[in-house]
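Enquirer: Handing you a structure now.
Protein chains: 2
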Amino acid sequence: MIASWYAETAWLGGPHVTAGVVLETAGGRITSVTPGVSVPPPGARLLRGVTLPGLVNVHSHAFHRALRGRTHAAQGSFWTWREQMYAVATRLTPDSYHRLATAVYAEMALAGITCVGEFHYLHHQPEGSSYADPNAMGEALMAAAQDAGVRLTLLDACYLAGGIGRPPSETQLRFTDGDAQRWADRAAQLRPTGTVRIGAAIHSVRAVPADQLTTVADWAAEREVPLHMHLSEQEAENIDCLAATGRTPTALLAEAGALGPRSVAVHATHLTDRDIVLLGGSGTGVCMCPTTERDLADGIGPARALVDAGSPLSLGSDSHAVIDLLEEARAVELDERLLTRTRGHWPPADLLRAATSTGAAALGWPEAGRLEAGALADFVTVDLGSVRTAGADTDAAVGAVVFAATAADVRDVVVDGRIVVDGGRHRLVADVPAALTAAVHEVTGRVAA
Amino acid sequence: MIASWYAETAWLGGPHVTAGVVLETAGGRITSVTPGVSVPPPGARLLRGVTLPGLVNVHSHAFHRALRGRTHAAQGSFWTWREQMYAVATRLTPDSYHRLATAVYAEMALAGITCVGEFHYLHHQPEGSSYADPNAMGEALMAAAQDAGVRLTLLDACYLAGGIGRPPSETQLRFTDGDAQRWADRAAQLRPTGTVRIGAAIHSVRAVPADQLTTVADWAAEREVPLHMHLSEQEAENIDCLAATGRTPTALLAEAGALGPRSVAVHATHLTDRDIVLLGGSGTGVCMCPTTERDLADGIGPARALVDAGSPLSLGSDSHAVIDLLEEARAVELDERLLTRTRGHWPPADLLRAATSTGAAALGWPEAGRLEAGALADFVTVDLGSVRTAGADTDAAVGAVVFAATAADVRDVVVDGRIVVDGGRHRLVADVPAALTAAVHEVTGRVAA
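Heads up: the protein sequence lines correspond to chains A and B, in order.
Okay, so the first sequence: first residue is 3 according to the working numbering, each after it adds one.
Okay, so the second sequence: first residue is 3 according to the working numbering, each after it adds one.
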């Protein structure tokens, strides 16, 4: 195990990168960080480019990767897209989902993602009965993350209804545990590992009846684990919720005790001013997924206003139309520019924090996401010498990483002190594109090559 | 010179790709296209992935590449960004601009761009006097395109004023020829080559007084060459133009005879309904530059409405915050989704047409942009086996190219029947990132590595 690393430059949290940084690691932790070292120490592994804390993908539905590029032929909406997504959902088994998720998490590793939050609701057999092991699907995801060399927080999602006051649809039968208590009993059987933690999720106020929200919130609170929820991604959810309860989804979740510093609202696209105050004032995090929010025609959420109100910002690739956390990071700023017609809403370092330390905390890994002694030894090196990044200097490197680099510029990825990606090659999954192709074909009904 | 090419799949203009396509070329032209060939003919060069017509970048300011990643630290607007851009503009010489543009056009070639429209207004010495050769700067750009192996349309821009009714600023002295007739006389001395054509540009109604617009329009009409113009990128332009003339910029240009099928309005972001009718009804093209329009906080232009009104759509990377025509193509659809909250405004093949044949026509190369006998032998192959595109099938390949592939997935690029990029490597510029780094440092005042 390499114990000494020499980063040509490293981002230590400020507005600029630092040249010549020696990182020492042991037992999966960073043990020291020494800046300003002009010559690599003997035996140190050289990291060429800018070394950052590992990127954290706070919101993933791994199986959506199978839809990439396939949903653009016809007109439609979020809801017609969901029909296509459900067609894949019905085909997955624990084995095929393990293969697909391994390939998808390996793609994430190649993109510099060292920790992923999987918002998981495909719990049961297609017709709704439990697998012999009731957590077979969740455990397949846990194994996939291990096989792909990334950390995982399995956000086990309670999903009971097919809309407010509506039973689950046929496809949704495999999502539901029947009621929140049975969800809680099943989820309680999940066991963390060294690189996997367990969290909870309320799929949405569409999928969890108002009188059962507290059961999920209490489960997470008792265990002090993250509680994530889709929130107001589509206006239809707001309209339905107001009609049924007289409250916005945010207000309903607030009343149920589901907001707070361990909670994360995903999307939070269509909010009232009071919703923003409720989320920010309670310290509830927000996870923006801008490439998905573009793809699904959701709209642009009030990220700046939420952060100003007190919500920590994190990022997710969600449907995996794109897997590129740097693209998610810059999209937060760029979409805000489109809304406001002004530039400079987010210093680049703030966007990197969203993609690293804030994301790690949102997934229950507060000891990750920073290059400092005591932090988990998860880091990633971005090439400053590609056609995309060439011309950046130390002065402009943070801006270049956020606004010019892409996932294709990630060279080296270290997770838990171990090299997972080495010069752009995944060490554990030999041929990631082939693994993706085979797994996607398997679940979209095509013959693998 | 290779005369026979075997494309695993090729996009021949329809909604799907075609498997096993043999292209034959001679004298820089495609001489035959044979689909459905199951085995590569002996001696044919294999093109792995999807082969498309070469991508066409209709709107470029090559020197803006020097700013990539450097303009995001502070708050501001289009206008404060322009100050940073002007600081680079003042430093360029014919030699340094040749070096920078060669590197930038080489980056474009690596991204699959085979033809670029350079909207060029840096005509003179910094204090305003002519170079010994009055077209030294334009000729530097022509040489750069040749050296980088791409076609060029030099859109020589008339730029006379510093705003409506205002003289040029100190920086703008190098842009102006004094009046439109002197612009016309200088531009008339430019000579096309086999891979370079000459067009005209009205920088904007800010920069060309209303009574001189017709001189430029007539110059282009007499020669039957393209006439491009920045149009309503910022609302301030509209406000100033209305105040000074009582007309929108579009109406003013229409009255001056500057609209029509050889004209292209760039950006066209902030339009009235009547503007859209004037542009579409006259067959004026529109060139959208979505990554720049995000970056500069311009807003989202009415691309769909313009095309419905009759305007052909093309695409440009403009400020080169990003050089990726596929990203521009999908951004047109994705930004429309953000505005409308619905999906599917553009079939993927329509977006590929914008990036190929429509763009080529907009630059005065109507014989380019299609894989058919008689067309120019410009084509590009996109990898369908990268982590980004893996899983796409023949059925979904057009969608995958537009919505999942990036510039990093371009493998082979042929211009004028000649291989310019071979397996991701540029054959004429050995080390494109090094060339970019040196050239950017030269014009941003830093010491080259």
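C-beta atoms are modelled at their ideal positions from N, C-alpha and C, and glycine is treated no differently.
Beta-carbon within less than 6 Å of Pro96 (chain A)'s beta-carbon, same chain only, minus the 5 sequence neighbours each way: which residues are those?
Expert: If we look at Pro96 (chain A) and ignore the five residues flanking it on each side, its Cβ neighbours are Ala138, Met139, Ala142.
Enquirer: Ser316 (chain A) bridges to which residues according to DSSP?
Expert: Answer is A:Cys289.
Enquirer: From the beta carbon of Val434 (chain A), is the nearest beta carbon of chain B less than 8 Å away?
Expert: It does: the Cβ of Val434 (chain A) has a partner Cβ on chain B nearer than 8 Å.
Enquirer: What do you reckon, are the CB atoms on Gly56 (chain B) and Val415 (chain B) nearer than 8 Å?
Expert: The answer is yes: Cβ separation under 8 Å.
Enquirer: Residues of the segment 271-304 of chain B with a CB closer than 9 Å to any CB of chain A: list them in chain order, please.
Expert: Listed by position, the residues of the segment 271-304 of chain B near chain A (Cβ gap below 9 Å) are Thr293, Glu295, Arg296, Asp297, Leu298, Ala299, Asp300, Gly301, Ile302.
Enquirer: Counting only Cβ-Cβ distances shorter than 7 Å, please list the residues of the segment 58-88 of chain B near chain A, keeping chain order.
Expert: Of all residues in the segment 58-88 of chain B, Ala68, Arg70, Gly71, Arg72, His74, Ala75, Ala76, Gln77, Gly78, Ser79, Trp83 have a Cβ within less than 7 Å of some Cβ in chain A.
Enquirer: So if I threshold CB-CB distances at 8 Å, which residues from the segment 342-368 of chain A count as touching chain B?
Expert: Under the 8 Å Cβ criterion, the segment 342-368 of chain A contributes Thr342, Arg343, Thr344, Arg345, Gly346, His347, Pro349, Pro350.
Enquirer: Would you mind sorting Arg193 (chain B) into buried or exposed? The rule is 16 or more other CB atoms within 10 Å of its CB.
Expert: Flag for Arg193 (chain B) reads exposed.
Enquirer: What's the C-alpha gap between Ala440 (chain B) and Ala108 (chain B)?
Expert: Distance between the alpha carbons of Ala440 (chain B) and Ala108 (chain B): 14 Å.
Enquirer: Given a cut-off of 8 Å, decide if Pro292 (chain B) and Ala333 (chain B) are closer than it, judged by their beta-carbon atoms.
Expert: Going by C-beta atoms, Ala333 (chain B) is nearer than 8 Å to Pro292 (chain B).
Enquirer: Taking Cβ positions only, does Gly444 (chain A) come closer than 8 Å to chain B?
Expert: Position check: residue 444 (chain A) holds Glu in this sequence, whereas Gly was assumed. With 8 Å as the cut-off, Glu444 (chain A) does not count as an interface residue toward chain B.
Enquirer: Does the distance from the CB of Ala362 (chain A) to the CB of Ile32 (chain A) come in under 8 Å?
Expert: In this structure, Ile32 (chain A) does not lie closer than 8 Å to Ala362 (chain A) by Cβ.
Enquirer: With a threshold of 8 Å between beta-carbons, can Val1 (chain A) be considered close to chain B, or not?
Expert: Nothing can be reported for residue 1 (chain A): it is not among the residues displayed for chain A, which extend from 3 to 451.
Enquirer: Just list the beta strand (DSSP E) runs in the segment 56-143 of chain B, keeping only unbroken ones of 3 residues or longer that don't cross its boundaries, in chain order.
Expert: The qualifying runs are 57-62, 115-122.
Enquirer: Bridge partners of Cys160 (chain A), per DSSP?
Expert: According to DSSP, Cys160 (chain A) bridges with A:Ile204.
Enquirer: With a threshold of 8 Å between beta-carbons, can Glu330 (chain A) be considered close to chain B, or not?
Expert: No, its Cβ sits nowhere closer than 8 Å to a Cβ of chain B.
Enquirer: Going by the DSSP bridge assignment, what does Asp414 (chain A) pair with across the sheet?
Expert: DSSP, once it has assigned bridges, lists A:Thr383 as partnering Asp414 (chain A).
Enquirer: Under 8 Å, Cβ to Cβ, is there at least one residue of chain A near Glu239 (chain B)?
Expert: Glu239 (chain B) does not count as touching chain A.
Enquirer: What do you reckon, are the CB atoms on Arg264 (chain B) and Pro314 (chain B) nearer than 8 Å?
Expert: In this structure, Pro314 (chain B) does not lie closer than 8 Å to Arg264 (chain B) by Cβ.
Enquirer: Quick one: grab the DSSP three-state call for Leu192 (chain B).
Expert: In this structure, Leu192 (chain B) counts as coil in the three-state DSSP scheme.
Enquirer: Got a sec: is the Cβ-Cβ distance from Ser234 (chain A) to anything in chain B below 8 Å?
Expert: Not one chain B Cβ lies under 8 Å of Ser234 (chain A).
Enquirer: If we ignore side chains and look at the alpha-carbon of each, how far apart do Leu255 (chain A) and Gln174 (chain A) end up?
Expert: C-alpha separation (whole angstroms): 22 Å.
Enquirer: Within 8 Å (strictly less), CB to CB, does Ala150 (chain A) reach chain B?
Expert: No - not a single Cβ of chain B is within 8 Å of the one on Ala150 (chain A).
Enquirer: Would you list, in sequence order, the uninterrupted alpha helix (DSSP H) runs of no fewer than 4 residues that lie entirely inside the segment 230-273 of chain A?
Expert: Segments of the alpha helix (DSSP H) lying fully in the segment 230-273 of chain A: 237-247, 251-257.
Enquirer: Could you check what DSSP says for Trp185 (chain B) in three-state terms: helix, strand or coil?
Expert: Note: Trp185 (chain B) maps to helix in three-state DSSP.
Enquirer: Closer than 8 Å is the cut-off here; do at least three beta carbon pairs connect the segment 425-444 of chain A with the segment 3-22 of chain B?
Expert: Taking 8 Å as the limit for Cβ pairs, the verdict is that the segment 3-22 of chain B does not touch the segment 425-444 of chain A.
Enquirer: Quick one: grab the DSSP three-state call for Thr344 (chain B).
Expert: It is coil, neither helix nor strand.
Enquirer: Taking DSSP's pairing of strands, which residues face Val434 (chain A) in a bridge?
Expert: Answer is none; Val434 (chain A) lacks a bridge partner.
Enquirer: Taking only beta-carbon atoms, is Glu109 (chain A) less than 8 Å away from chain B?
Expert: True, the Cβ-Cβ gap to chain B drops below 8 Å.
Enquirer: How far does the alpha helix (DSSP H) with Ile421 (chain B) in it extend, from its first residue to its last?
Expert: That residue, Ile421 (chain B), is in no alpha helix (DSSP H); its beta strand (DSSP E) goes 420-424.
Enquirer: In chain B, which residues lie less than 7 Å from Val412 (chain A) when you measure between Cβ atoms?
Expert: Under the 7 Å cutoff, chain B gives no residues; its nearest Cβ is about 11 Å from Val412 (chain A).
Enquirer: 8 Å is my cut-off, CB to CB: does Arg339 (chain B) come that close to chain A?
Expert: Cβ-Cβ to chain A under 8 Å: yes for Arg339 (chain B).
Enquirer: Taking 8 Å as the CB-CB limit, is Ala450 (chain B) close to chain A?
Expert: The predicted model places Ala450 (chain B) with a pLDDT of 37, which falls under 50 and marks its position as unreliable; any figure quoted below should be read in that light. Not an interface residue.
Enquirer: Hey, out of B:Glu369, B:Asp297, B:Ala351, whose CA is closest to Thr197 (chain B)'s CA?
Expert: Of the candidates B:Glu369, B:Asp297, B:Ala351, the one whose C-alpha sits nearest the C-alpha of Thr197 (chain B) is B:Glu369.
Enquirer: Hey, does Val388 (chain A) have any beta-carbon neighbour from chain B nearer than 8 Å?
Expert: Reading off the sequence shown, one finds Ser at residue 388 (chain A), where the question assumed Val. Yes, its Cβ sits closer than 8 Å to a Cβ of chain B.
Enquirer: Below 8 Å on the Cβ atoms is my contact criterion, and I expect Ala392 (chain A) with Leu438 (chain B) to pass it. Report the Cβ-Cβ distance as a whole number of Å.
Expert: Contact holds; Cβ gap of about 4 Å.
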